[in-house]
Amino acid sequence: MSTNIDTEVQDQELIQKFLKDTTLFLGPDPEIIRDHRIMPRTPEEEECMDKYTDLNQISSIRDRLQAACEEGFEMVEQMGAAPGAKWGDIITGIYSASGDLTIGSAGGVLIFSALVHHPIKFIIKNWIDEHTVGVREGDGFIHNDSRYGNVHNTDQSMILPVFHEGKLICWAASTVHEGENGAIEPGGMPSMAETSFDEGLKMSPFKVVENYEIKRDILTFLQNSVRE
């Protein structure tokens, strides 16, 4: 026959198991922020490295990727509504399947390209196998919270996974300085801010695009969270 003491022990064990197995809040990840190592190559990357050994062909492939980054930069510069896009406060880049920077546009704010790997690795660690989120072809993730890897909250990133034959092969991303993000003052860089909660939107990496279309409910939320 079980006693009250046995029941209390079992209850405590259940509580501890629940706390261990349940993630209540995903905050900024110090392990990701402090880890500056380049991740090991994926099997697909190893296969490509073994397959393409001609230096001229490798140079041609690299030039095409560089041209894609430059074209992406110009598209964001011309199409972006944010004032920062017009004066080149942007960057575009391509990242490995593991999230490491491989190549970026020559113009713009180069430090952006060296920081976007942090939110990509957060997505890989937390969302890629999460059944309520996942990472699929046609998805897009937005991010601006500097605690997850960024310069400051006025810089917003759009991150897209790239698939080939159903396999994730790389990521494409662009970061742009936005002029408004719902801070205590207009303009995105509030001099009156006393805490981080006065700085407006604090977007950890989350999905805003599915099947290459912006999710209307998320877009409406973001529009109602800022002044413009």
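Numbering (the UniProt record's numbering), first residue to last: 1 to 228.
Just so you know, even glycine gets a beta-carbon here, dropped at the ideal spot from N, CA and C.
If you're wondering where the values come from, they're calculated on a predicted model, not measured in any experiment.
Closest by C-alpha distance to residue i, when choosing among the options
{"i": "I91", "options": "G107, S191, I142 and P40", "result": "G107"}
{"i": "K202", "options": "V209, P28, L14 and H117", "result": "P28"}
{"i": "Q156", "options": "N126, E165 and P119", "result": "P119"}
{"i": "residue 229", "options": "G187, G182, I128 and E213", "result": "Lying outside 1 to 228, the shown extent of the chain, residue 229 is not represented and no answer is given."}
{"i": "E74", "options": "E47, Y52, T154 and S105", "result": "S105"}
{"i": "A82", "options": "A173, T154 and P161", "result": "T154"}
{"i": "F25", "options": "V162, N126 and C48", "result": "N126"}
{"i": "D145", "options": "S225, G200, Q12 and A67", "result": "G200"}
{"i": "E130", "options": "G166, D6, T23 and E8", "result": "T23"}
{"i": "R147", "options": "D21, F18, E31 and T7", "result": "E31"}
{"i": "K121", "options": "H36, R62, A68 and G80", "result": "H36"}
{"i": "G140", "options": "L55, E213 and G166", "result": "E213"}
{"i": "S196", "options": "I5, H152, F18 and R41", "result": "H152"}
{"i": "K167", "options": "K17, L19, I15 and E45", "result": "E45"}
Residue span of the beta strand (DSSP E) that contains residue i, given as start and end
{"i": "V209", "result": "F206 to E210"}
{"i": "F163", "result": "D155 to H164"}
{"i": "F141", "result": "G140 to H143"}
{"i": "I120", "result": "First-last for I120: H117 to N126, but that is the alpha helix (DSSP H), not the beta strand (DSSP E)."}
{"i": "A173", "result": "K167 to H177"}
{"i": "L101", "result": "L101 to G104"}
{"i": "S113", "result": "Where S113 is concerned, there is no enclosing beta strand (DSSP E), although the alpha helix (DSSP H) it sits in stretches over L110 to S113."}
{"i": "G90", "result": "The question names Gly, yet the displayed sequence has Ile at residue 90. Per DSSP, I90 belongs to the beta strand (DSSP E) from I90 to S96."}
Within 8 Å, strictly: CB atoms of residue i and residue j
{"i": "A97", "j": "C170", "result": "yes"}
{"i": "I94", "j": "I103", "result": "yes"}
{"i": "V208", "j": "I142", "result": "yes"}
{"i": "G138", "j": "I33", "result": "no"}
{"i": "G179", "j": "G72", "result": "no"}
{"i": "P43", "j": "I123", "result": "no"}
{"i": "M158", "j": "A173", "result": "yes"}
Distance between beta carbons of residue j and residue i, contact taken as under 8 Å
{"i": "T175", "j": "V116", "result": "6 Å"}
{"i": "D89", "j": "M39", "result": "In fact, because the Cβ distance is near 29 Å, the residues do not count as touching under 8 Å."}
{"i": "I184", "j": "D198", "result": "4 Å"}
{"i": "P161", "j": "R227", "result": "Their Cβ separation, rounded to whole angstroms, is 31 Å, which puts P161 and R227 out of contact at 8 Å."}
Where the alpha helix (DSSP H) through residue i begins and ends
{"i": "G72", "result": "L55 to M79"}
{"i": "G84", "result": "P83 to K86"}
{"i": "T220", "result": "R216 to Q223"}
{"i": "D29", "result": "Unbroken run through D29: none, as it is neither H nor E."}
{"i": "P40", "result": "Here P40 belongs to no alpha helix (DSSP H), and DSSP marks it neither H nor E."}
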